[in-house]
C-alpha cells in the first residue's frame with residue numbers, strides 16, 4: 001500500500017521512510033538539507049584552508065566534530081548544523097584574533113577560559129551580551145526544527161569508532177608534519193592550525209607541565225634558602241618609577257634609516273651609556289615583558305603556552321620585584337593602560353605584589369591609546385596623592401602612544417616644536433615622530449619631579465617592551481618570509497633588542513648590575529641594586545647566573561640555567577601549582 005510505513009534497518013542507519021506518495025518529496029528535502037550543510041562546510045573550509053594537507057586536516061576536524069555530536073545526539077542533521085555553526089564561529093574568532101595579535105586561534109585559547117576572559121570581552125564589546133541573547137533566540141527554534149526534521153539515526157558505537165579514527169589521523173598527521181614556527185602568523189588555515197595546536201598543547205602539558213623545570217632529583221640538596229634578607233631600618237631609599245616604553249627601540253640600528261640630531265640621547269642612562277634590553281617578544285605581546293620585569297622569570301619557560309603566561313602565573317609565583325620592594329617598606333602601584341581583566345592582568349599583578357592596581361577605567365578613560373603625557377600626569381597625581389615621607393613608592397607606568405599602526409598621524413598637535421621628518425618612508429617618520437613626543441613628555445615629567453620634590457630621591461627606569469612590528473621588514477628587507485619567521489622563532493637578538501635606561505634625581509644609583517646587554521628577566525635585579533635594595537636569596541642566586549651567562553637568561557645553555565633556577569624556586573615554595 002502506498003501509505004504504509006516501511007522500516008529499513010541496516011547495521012548503521014535506521015530510516016523511517018514513506019513509500020512513494022504525497023510525502024516522498026519531504027523525505028528528499030530532509031536528505032538534501034543535510035547534504036547541503038556538509039557541502040556548505042566544505043566550501044567554508046576551502047575558503048580559509050590552503051593546500052591539500054591543510055584541507056585534509058580541516059576535513060578530518062569537521063568529521064570529528066560531527067562524530068562527537070553524533071555520540072550524544074545520534075541525529076546527523078542536527079550534528080551537521082551544530083558543527084557548521086561551530087566551525088563558522090571558530091573561523092570568525094580566529095580572524096578576529098589575527099587582526100589584533102597577528103596570531104590565529106589556538107587550542108590554548110580554550111584551555112584557559114576564566115571569568116576574566118568574559119569580563120574583558122564584555123568591557124570592549126558591551127553589546128556582546130544582548131547580541132548573544134538575540135542569536136540564541138534565533139538559533140534555538142532553528143535547531144529544534146532541524147531536530148524534528150532529521151529522519152536518520154546513527155549508532156553511538158559507529159560514531160565513537162569514527163571519532164577515534166579521526167583523532168588518530170589528526171594526531172598522526174600533526175606529528176608527521178608538525179606546525180612550522182611561521183604558520184600561525186600567516187592568517188590562514190584557521191581550522192587545521194587549531195587542530196594541530198591541540199596536539200602540540202596536550203603533548204606539551206603531558207611532557208613538561210605548565211613551566212619548564214629540572215626534575216627534583218636533578219637538584220638534590222641544592223635548594224634555595226628562605227628569604228632571610230633584612231633591610232636596614234631607617235635607610236633613605238629612592239622612589240622608583242618604572243616606565244614601559246611601548247614598541248620603542250633605537251631605530252638607527254636599521255641600515256639606511258635617517259634620524260634627527262641627538263636622537264640616540266634619549267636611550268642613554270644617567271652615566272651617558274646606552275644599553276640593550278633583550279625582550280622575549282618581537283613586535284607583539286607586551287605581557288611577556290610585563291611578566292619578566294615583575295617576576296624576574298622567563299616567559300619562554302612556558303614554551304608554547306607563553307602567550308597566556310600572565311593568566312597561568314596569576315597567584316602562583318611569590319617572588320619578584322614588587323615583593324622584594326615590599327620587604328623594604330615600599331608601597332607598589334601599577335598604572336595599567338587597558339582593562340584589568342585583559343589576560344588576567346589585575347589578578348597577576350596583585351598576586352605578584354602590586355598593592356594598588358589602577359586600570360583604564362580607574363583613570364577615567366575609555367581608550368588605552370592616550371598621549372604619553374596623560375600617563376605621566378597620572379603618575380604625578382598618584383605620587384602627590386600617595387606620597388609618604390617614611391615609605392618610598394614603586395610606580396609602574398605604561399605608555400601607549402607609540403603603539404601600531406604608524407600609517408596614520410597620531411595627535412599631530414602634540415608634535416614637539418621644531419620637529420621635522422627626517423626623510424624616510426611616511427610610516428618610519430611617523431614612528432620617529434611619536435618617539436620624539438615620548439622624549440618630550442618624559443623630559444617634562446622629570447622637570448615636574450625636580451620642581452615638585454627638590455629633595456626627594458627618585459630612581460627612573462625606562463625600557464622598550466619589544467621592537468615595533470615594522471622593524472621586522474626593515475632590519476633585513478630582502479629576507480624571505482620563511483627565513484624571517486625562523487629568525488624570530490629562534491630568537492635572533494637583532495629582532496629582540498630594545499633599550500633600557502636608568503636615570504636618577506637627588507640620588508646616585510649603583511649601576512654594577514646594569515650590564516651593556518641585559519635579558520628582560522634580569523631587570524628586577526638591576527633595579528634593586530640601583531636602588532640599594534639588598535638581594536634576597538633568590539635574586540642573589542639569579543645574579544650568579546647573570547654574571548656567568550653575561551646578561552642572558554633563558555638563552556644561556558639552551559634553557560638549562562632557567563630550568564635549574566625554576567626547580568630551585570619550585571622546591572623552595574616560591575612557584576606553586578605550575
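In full-length UniProt numbering, the protein residues as written are 1 to 578.
Glycine residues also receive a C-beta, built at the ideal position from the N, C-alpha and C atoms.
Because the structure is a prediction, the values reported are computed rather than measured.
Next item on the list: Count the other C-beta atoms from every protein chain shown that fall within 10 angstroms of the C-beta of residue 396, then say buried if there are 16 or more, exposed otherwise.
Entry: Counting from one through the chain shown, the residue named residue 396 turns up at place 396. By the 10 Å Cβ count, residue 396 comes out buried.
Checklist line | Inter-residue spacing [alpha-carbon to alpha-carbon] between residue 152 and residue 57 | finding: Here the question's residue 152 lines up with position 152 in the chain shown. Here the question's residue 57 lines up with position 57 in the chain shown. Whole-angstrom Cα-Cα distance: 27 Å.
Check: Excluding sequence positions up to five away, which residues of its chain have a Cβ less than 6 Å from the Cβ of residue 356?
Finding: For the purposes of this step, residue 356 is taken as the residue at position 356 of the chain shown. Same-chain partners within the cutoff: 333.
Checklist line | Buried versus exposed call for residue 432 [16 or more other C-beta atoms within 10 Å across all chains shown] | finding: What you label residue 432 is simply residue 432 of the chain shown in a count that begins at 1. It counts as buried.
Next item on the list: Classify residue 347 as buried or exposed, calling it buried when 16 or more other Cβ atoms lie within 10 Å of its own Cβ.
Entry: Residue 347 sits at position 347 when you count from the first residue of the chain shown. Looking at its Cβ environment, which holds 16 or more other Cβ atoms inside 10 Å, residue 347 is buried.
Item checked: Cβ contact check for the region 497 to 511 and the region 523 to 534: 3 or more pairs under 8 Å -> Taking a cut-off of 8 Å for Cβ pairs, the region 497 to 511 and the region 523 to 534 touch, as three or more such pairs fall below it.
Next item on the list: With DSSP as the reference, please indicate the residues paired to residue 317 in a beta bridge.
Entry: Translated into the one-based positions of the chain shown, residue 317 becomes position 317. Residue 317 pairs with 575.
Margin query: Quick test of the definition: if touching needs 3 or more C-beta pairs under 8 Å, does the region 412 to 419 touch the region 380 to 395?
Written below: no
Checklist line | Nearest-angstrom Cα separation, counted from residue 563 out to residue 579 | finding: An answer regarding residue 579 cannot be provided, because it is not within the stretch 1 to 578 covered by the chain.
Check: Relative to the C-alpha of residue 547, which residue among 519, 537, 250 is closest?
Finding: Here residue 547 is taken as the residue at index 547 of the chain shown, counted from 1. Cα-wise, what sits closest to residue 547 is 519.
Check: Where do the N-terminal and C-terminal ends of the beta strand (DSSP E) with residue 242 fall, by residue?
Finding: Start at 1 with the first residue of the chain shown, and residue 242 comes out as number 242. Its beta strand (DSSP E) spans residues 239 to 245.
Checklist line | Rounded straight-line distance, which links the Cα of residue 282 to that of residue 496 | finding: On the chain shown, residue 496 is found 496 positions in, with the first residue counted as 1. On the chain shown, residue 282 is found 282 positions in, with the first residue counted as 1. Cα-Cα distance, rounded: 6 Å.
Next item on the list: Note down, in chain order, each residue of its chain lying with its Cβ closer than 8 Å to the Cβ of residue 323, except the 5 sequence neighbours on either side.
Entry: Here residue 323 refers to the residue found at position 323 when the chain shown is read from its first residue. These residues qualify, in order along the chain: 352, 353.
Notebook entry, point to check: Rounded to a whole number of angstroms, what is the C-alpha to C-alpha distance between residue 169 and residue 192?
Noted result: What you label residue 169 is simply residue 169 of the chain shown in a count that begins at 1. What you label residue 192 is simply residue 192 of the chain shown in a count that begins at 1. If you take the alpha carbons of residue 169 and residue 192, they lie about 12 Å apart.
Check: residue 236 by DSSP, collapsed to three states: which one?
Finding: As a first step, residue 236 must be located in the chain shown, where it is residue number 236. DSSP places residue 236 in coil when its eight states are reduced to three.
Check: Whose C-alpha, out of 62, 77, 106, 107, is nearest the C-alpha of residue 86?
Finding: Position 86 of the chain shown, counted from the start, is the residue given in the question as residue 86. Taking residue 86 as reference, the option from 62, 77, 106, 107 with the minimal CA-CA separation is 62.
Notebook entry, point to check: What is the DSSP secondary structure of residue 250, counted as helix, strand or coil?
Noted result: Your numbering for residue 250 matches position 250 in the chain shown. It is coil, neither helix nor strand.
Checklist line | Option nearest residue 180 by Cα separation, candidates 407, 256, 266, 484 | finding: Stepping through the chain shown from its first residue, residue 180 is reached at position 180. Residue 484 is the option with its Cα nearest to residue 180.
Check: Which of helix, strand or coil does DSSP assign to residue 517?
Finding: Position 517 of the chain shown, counting from 1, holds the residue named residue 517. Residue state, collapsed to three classes: strand.
Checklist line | Same chain only: Cβ atoms within 8 Å of residue 370, ignoring 5 sequence neighbours per side | finding: Residue 370 sits at position 370 when you count from the first residue of the chain shown. Cβ within range, chain order: 337, 400, 401.
Notebook entry, point to check: Does the pairing of the region 187 to 203 with the region 498 to 506 give three or more beta-carbon distances under 8 Å?
Noted result: no
Check: Whose C-alpha, out of 577, 571, 576, is nearest the C-alpha of residue 215?
Finding: Mapped onto the chain shown, residue 215 falls at position 215. Minimum Cα distance to residue 215 is reached at 571.
Next item on the list: Can you say whether residue 99 is buried or exposed, counting buried as having 16 or more other CB atoms within 10 angstroms of its CB?
Entry: Locating residue 99 in the chain shown gives position 99, where the first residue counts as 1. Residue 99 should be labelled exposed.
Item checked: Among 426, 574, 457, 142, nearest to residue 236 - alpha-carbon criterion -> Residue 236 sits at position 236 when you count from the first residue of the chain shown. Checked all of 426, 574, 457, 142; the closest Cα to residue 236 is 457.
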